[in-house]
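Asker: Residue numbers (this note's numbering): 387 to 798.
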Ligand SMILES: [Zn+2]
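1. If distances are taken between C-alpha atoms only, which option among 459, 633 and 512 comes closest to residue 680?
2. In the structure shown, what three-state DSSP assignment does residue 727 receive?
3. Which residues neighbour ligand 1 when neighbourhood means a C-beta less than 5 Å away from any of its non-hydrogen atoms? List them by chain order.
4. Using 9 Å as the limit for Cβ to Cβ distance, is residue 715 near chain C?
5. Would you mind giving the Cβ-Cβ distance between residue 602 and residue 466, rounded to the nearest angstrom? I have them listed as a contact below 8 Å.
6. Find the nearest neighbour of residue 716 within the set 692, 785 and 654, judged by alpha-carbon distance.
7. Whose CA, out of 520, 533 and 656, lies closest to the CA of residue 564?
8. Taking only runs of the beta strand (DSSP E) that begin and end inside the region 442-489, which ones reach a length of at least 3 residues, in chain order?
9. Would you identify the three-state DSSP class for residue 531, choosing helix, strand or coil?
10. Nearest-angstrom Cα distance between residue 400 and residue 693?
11. What residues in its chain sit with their C-beta under 8 Å from that of residue 398, if we drop five residues either side in the sequence?
12. Whole angstroms is fine: what's the gap from residue 570's alpha carbon to residue 410's?
13. Count the other C-beta atoms from every protein chain shown that fall within 10 angstroms of the C-beta of residue 445, then say buried if there are 16 or more, exposed otherwise.
14. Spell out the partners DSSP gives residue 616 in its beta bridges.
15. Can you give me the C-alpha to C-alpha distance between residue 664 and residue 449, rounded to a whole angstrom?
16. How many angstroms separate the CA atom of residue 767 from the CA atom of residue 575?
17. Taking just the CA atoms, how far does residue 393 sit from residue 671?
18. Given a cut-off of 9 Å, decide if residue 447 and residue 440 are closer than it, judged by their beta-carbon atoms.
19. Starting from the N-terminal side, write out each stretch of the beta strand (DSSP E) that is 3 residues or longer and does not extend beyond the region 580-605.
20. Express the C-alpha separation of residue 539 and residue 508 in angstroms, rounding to a whole number.
21. Go to residue 756, then tell me how far its beta strand (DSSP E) extends in each direction, as first and last residue.
22. I need the DSSP call for residue 765, collapsed to helix, strand or coil.
23. For residue 505, does the three-state DSSP call read helix, strand or coil?
24. Would you mind working out which of 652, 642, 705 and 702 sits nearest residue 677, comparing C-alpha positions?
25. Leaving out five residues before and five after residue 600 in sequence, what residues of the same chain have Cβ atoms less than 7 Å from its Cβ?
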């Protein structure tokens, strides 16, 4: 069965119809729609000579046995954010499925074992914790840090995952899945404007940005909006407002990105000065020293602002991850494969996080391919990529797979 990228396109559209609505993709991890998408994927895999199982962290593994137990992994995630796009995460899986089909057709088994993995809850959309399944496999997940995270309905993470066969205290047993992993490939939409601006279909990813993600709470004094003169206020929201403006300058100064994505206030009524205001802060950079400096600057700014506003400030870490540079030789192989299929290539860092970062943390040689995103938009129903570019991306992943197999075979 030769590689057929048009089949991948048809499957992407089928999945969109099955698990999306007028607002976009609804495959939020650990929900019935996610389980439906998984069942659909498993049905496709059941038609191939592969062994498929779910690991203790909820990752779905499909293995095409090769002549050596040494394994080449191809990974993606079928989960999406609410009202998400039709390509983020599932493109990698369905392109990988097509590569598996092609390899499974050969009369002799591949020289190394090929494994397709659907990571559980890459997005962290429901509980605010990204990379659940892949961080369990890398060993970075600490069950006590996540078991009591709650969704908007008050459901605890530990209870939500139990419904899908996951015991949070056993999740890091997923580490054994990486035992024979010798290389990891992940194809993903770029989610940014760089490749479109350059007029290139595909690029090679140098690594993923490190992230500092914190909740910053300012505490002042709630007071009546009519009876409290301006000079007497301890307005907690002033801390958030001023810090939000400050982090934009800090980001530009260090060449990184900083975002305030959420603000909550108490008492949160129209007739009261805000007594407590909490903002989330997400900071990203490819260079560890610059990321640390960006974070330090934000902390200092928050203390200065608190002093000036006569309010208090406290920081709580939500999550952090260091930058992960990808494997130099795999980057070269990906560059060559991209040039062969698309005539040109470009190397770029990844701002968004990906499961590839966790696989890289586990010490597995890793690389990612990006395919151009139209308008640089993702996590939204208008997320899109030209069909001709999607077809090229399947071909490039296929070419890179062959190059990686050859590399793994020669480096025995
Ligand atoms: Zn993704």
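Cβ coordinates follow ideal geometry from the N, Cα and C atoms, glycine included.
Answerer: In brief:
1. 633
2. helix
3. 474 and 475
4. Looking for chain C here will not work: only one protein chain is present.
5. Not quite, the Cβ-Cβ distance comes to about 28 Å (not below 8 Å), so this is no contact.
6. 785
7. 520
8. 446-450 and 454-462
9. Reduced to three states, the DSSP call for residue 531 is helix.
10. 56 Å
11. Here residue 398 has 472, 473, 476, 477, 480 and 776 as same chain residues with Cβ atoms under 8 Å from its own Cβ, once five neighbours each way along the sequence are excluded.
12. Cα to Cα, residue 570 sits roughly 29 Å from residue 410.
13. buried
14. For residue 616, which the question treats as bridged, DSSP gives no partner whatsoever.
15. 45 Å
16. 14 Å
17. 37 Å
18. yes
19. 588-594 and 596-605
20. In a straight line, the C-alpha of residue 508 is about 20 Å away from that of residue 539.
21. Annotation for residue 756: the continuous beta strand (DSSP E) segment containing it runs 752-757.
22. coil
23. coil
24. 642
25. 667, 701, 702, 703 and 704
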